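K.L.:
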Amino acid sequence: DREYYLVLRNLGLRFHAAMSGQAAAKSIFALLDTPDPDVTKPGHIVKSIKPIANTREPIVFESVSFRYPERESEAVSQVSFRLQPGTLTALVGPSGAGKTTISQLLLRFIHPHSGIIRVGETPIDEIPLDLWRTQTAWVSQQPYLFHQSIAENLRLGKPGAGAADLRQALEWAELWDWVATLPDGLDTIVGEQGGRLSGGQAQRLALARAYLRDAPLLILDEPTAHLDPDLEDKLSATTRRLCTGRTVLMIAHRLTSIKTADQVLLLENGHLTATGTHAELAINSAAYSHLLSVFQGGKG
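Heads up: the sequence shown runs through residues 12 to 311, numbered per my numbering.
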């Protein structure tokens with residue numbers, strides 16, 4: 012009886028695996044079939060501009076609003092601010108305030124429903140999408156790493172990078188000494204989503220990839236948010252080096268990151284309610300002072 016049941020059980024498991032695979036395939040093909048919005052936008056005219064690395068122009072949000080289809084209220088509403096070249100801007104606020112939406116708009120994964128985002132005087136949607144993405148690097152709290160080698164994951168930041176470039180990036184992220192001890196070195200397979208790495212190693216690899224990309228615009232969803240204090244301090248130093256000389260927008264969850272920012276933007280319920288330095292907002296904004304108390308209470 013047990014052997015008979017085992018056959019039926021295995022059949023059921025394979026049936027459910029096949030159904031899950033079909034559902035996943037439908038989603039993948041739907042994504043692959045989705046037209047590039049920059050190509051299909053009616054009346055859209057693409058202008059060629061110099062990369063922002065050369066123009067050193069500010070990035071400006073002017074009365075930008077966006078609402079997700081499943082929501083009645085706007086995720087961000089009439090948001091205006093300026094990112095100056097070579098500065099670090101910390102984006103803070105409670106969960107659901109619109110911080111991730113701002114980063115998605117800047118990465119051009121989504122597009123404003125109203126308002127405009129400019130690079131200097133050029134609307135961002137007039138910049139070829141491929142060009143824009145060569146000018147940006149993004150490091151999330153949980154960076155995606157593929158079931159490939161360390162080298163292949165790094166080369167997502169710079170296809171064709173040589174072994175010397177990869178080593179330099181890993182040394183910069185203080186990861187090379189560990190890689191050098193591995194039997195397969197740069198050819199070591201990291202596992203799907205970096206499953207064979209520790210949290211700190213995965214974050215360092217993502218930072219090394221961003222360093223290798225060497226993009227003038229860096230967007231960070233603070234990569235040290237869920238790490239222990241000792242590892243956080245080491246990664247914070249690495250992150251600060253990555254910010255040098257770049258225009259950086261950081262979704263900040265740590266007080267240490269906010270204090271070092273040139274500008275702090277406070278979002279609440281999709282609205283930008285305060286702008287200034289950490290010292291200025293700590294004195295002038297009750298909402299910001301409350302957020303600091305949350306951070307200091309152990310959540311940041």
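Using N, Cα and C, we set each Cβ at its ideal position, and we do this for glycine too. Predicted model only: the values in this text are computed from it and were never measured.
Give the range of the beta strand (DSSP E) segment to which ILE262 is assigned.
P.N.:
Counting from 1 along the sequence shown, the entry for residue 262 is found at position 251. Per DSSP, ILE262 belongs to the beta strand (DSSP E) from 258-262.
K.L.:
So, using beta-carbon positions, are HIS124 and PHE72 closer together than 7 Å?
P.N.:
Within the sequence shown, numbered from 1, the residue matching residue 124 stands at position 113. Within the sequence shown, numbered from 1, the residue matching residue 72 stands at position 61. No, Cβ-Cβ distance for HIS124 and PHE72 is not below 7 Å.
K.L.:
Near ALA64, what residues of its chain come up, given a Cβ to Cβ distance below 6 Å and the 5 sequence neighbours on each side ignored?
P.N.:
Reading the sequence shown from its first residue, position 53 is the one you call residue 64. With a pLDDT of 45 at ALA64, under the threshold of 50, the modelled position of that residue is not reliable, and the figure given next carries that caveat. Contacts found: PRO227.
K.L.:
In whole angstroms, what is the alpha-carbon distance linking ILE200 and ILE161?
P.N.:
One-based indexing of the sequence shown puts residue 200 at position 189. One-based indexing of the sequence shown puts residue 161 at position 150. Cα to Cα, ILE200 sits roughly 6 Å from ILE161.
K.L.:
So the beta strand (DSSP E) LEU229 belongs to, where does it begin and stop?
P.N.:
Translated into positions along the sequence shown, residue 229 becomes position 218. That run of the beta strand (DSSP E) goes 228-232.
K.L.:
Just to confirm my understanding: we take ASP198, look at its own chain, exclude 5 residues before and 5 after, and list those with CB closer than 6 Å. What are they?
P.N.:
Counting from 1 along the sequence shown, the entry for residue 198 is found at position 187. These residues qualify, in order along the chain: SER160.
K.L.:
I'd like the span of the alpha helix (DSSP H) that includes SER300, first residue to last.
P.N.:
Looking up residue 300 in the sequence shown gives position 289. Taken as a continuous stretch (DSSP letters only), the alpha helix (DSSP H) holding SER300 covers 297-305.
K.L.:
Could you tell me whether the region 124-139 touches the region 289-296, using the rule of 3 or more Cβ pairs below 8 Å?
P.N.:
Contact fails: fewer than three Cβ-Cβ distances are below 8 Å.
K.L.:
Answer with buried or exposed for THR192, where buried requires no fewer than 16 other C-beta atoms within 10 angstroms of its C-beta.
P.N.:
Translated into the one-based positions of the sequence shown, residue 192 becomes position 181. THR192 is exposed by the Cβ-count criterion.
K.L.:
Hey, how far is the Cα of GLY311 from the Cα of GLU185?
P.N.:
Here residue 311 is taken as the residue at index 300 of the sequence shown, counted from 1. Here residue 185 is taken as the residue at index 174 of the sequence shown, counted from 1. Low local confidence applies: a pLDDT of 46 at GLY311 is under 50, so the model's placement there is unreliable, and no value is given.
K.L.:
For TRP183 and VAL90, what's the separation of their Cα atoms in angstroms?
P.N.:
Within the sequence shown, the letter at position 172 stands for residue 183. Within the sequence shown, the letter at position 79 stands for residue 90. Rounded to the nearest angstrom, the two C-alpha atoms are 36 Å apart.
K.L.:
I need the boundaries of the beta strand (DSSP E) containing THR255, first residue and last residue.
P.N.:
The residue given as residue 255 occupies position 244 in the sequence shown. Careful: THR255 lies outside any beta strand (DSSP E) and carries neither H nor E.
K.L.:
If ALA221 sits next to GLY168, beta carbons under 8 Å apart, how far is it from one beta carbon to the other, in whole angstroms?
P.N.:
For the purposes of this step, residue 221 is taken as the residue at position 210 of the sequence shown. For the purposes of this step, residue 168 is taken as the residue at position 157 of the sequence shown. Right, the Cβ-Cβ distance comes to about 6 Å (below 8 Å), so this counts as a contact.
K.L.:
Taking the runs of the alpha helix (DSSP H) that are 4 residues or longer, which of them lie wholly in the region 107-163?
P.N.:
Here the runs fully enclosed are 110-118, 140-145.
K.L.:
Leaving out five residues on either side along the sequence, give the residues of the same chain with a beta carbon under 7 Å from the beta carbon of GLN204.
P.N.:
One-based indexing of the sequence shown puts residue 204 at position 193. TYR155, LEU156, listed in sequence order.
K.L.:
Can you tell me where the beta strand (DSSP E) holding GLY287 begins and where it ends?
P.N.:
Looking up residue 287 in the sequence shown gives position 276. First-last of the beta strand (DSSP E) with GLY287: 282-287.
K.L.:
Whose C-alpha, out of GLY281, ALA285, LEU22, is nearest the C-alpha of VAL275?
P.N.:
For the purposes of this step, residue 275 is identified with residue 264 of the sequence shown, where counting begins at 1. Ranking GLY281, ALA285, LEU22 by Cα distance to VAL275 puts ALA285 first.
K.L.:
Taking DSSP's pairing of strands, which residues face VAL103 in a bridge?
P.N.:
Numbered from 1 along the sequence shown, position 92 holds the residue referred to as residue 103. DSSP lists LEU277 as partners of VAL103.
K.L.:
Measuring only the C-alpha atoms, how far is PRO105 from GLU279?
P.N.:
Stepping through the sequence shown from its first residue, residue 105 is reached at position 94. Stepping through the sequence shown from its first residue, residue 279 is reached at position 268. Going by the C-alpha atoms only, they are around 7 Å apart.
K.L.:
In angstroms with no decimal places, state the Cα-to-Cα distance between LEU22 and PHE120.
P.N.:
To locate residue 22, count along the sequence shown from 1; it is residue 11. To locate residue 120, count along the sequence shown from 1; it is residue 109. Rounded to the nearest angstrom, the two C-alpha atoms are 40 Å apart.
K.L.:
In the DSSP output, which residue or residues are listed as bridge partners for ILE200?
P.N.:
For this step, residue 200 is matched to residue 189 along the sequence shown. In DSSP, ILE200 forms a bridge with SER160.
K.L.:
Looking only at its own chain, which residues have a Cβ that is under 7 Å from the Cβ of THR147, when we skip the five neighbours before and after it?
P.N.:
The residue you call residue 147 lines up with position 136 of the sequence shown. So the list reads LEU118, ALA226, LEU228, ILE230, once near-sequence residues are dropped.
K.L.:
Rounded to whole angstroms, what is the Cα-Cα separation between VAL305 and ARG178?
P.N.:
Locating residue 305 in the sequence shown gives position 294, where the first residue counts as 1. Locating residue 178 in the sequence shown gives position 167, where the first residue counts as 1. Their Cα atoms are separated by approximately 39 Å.
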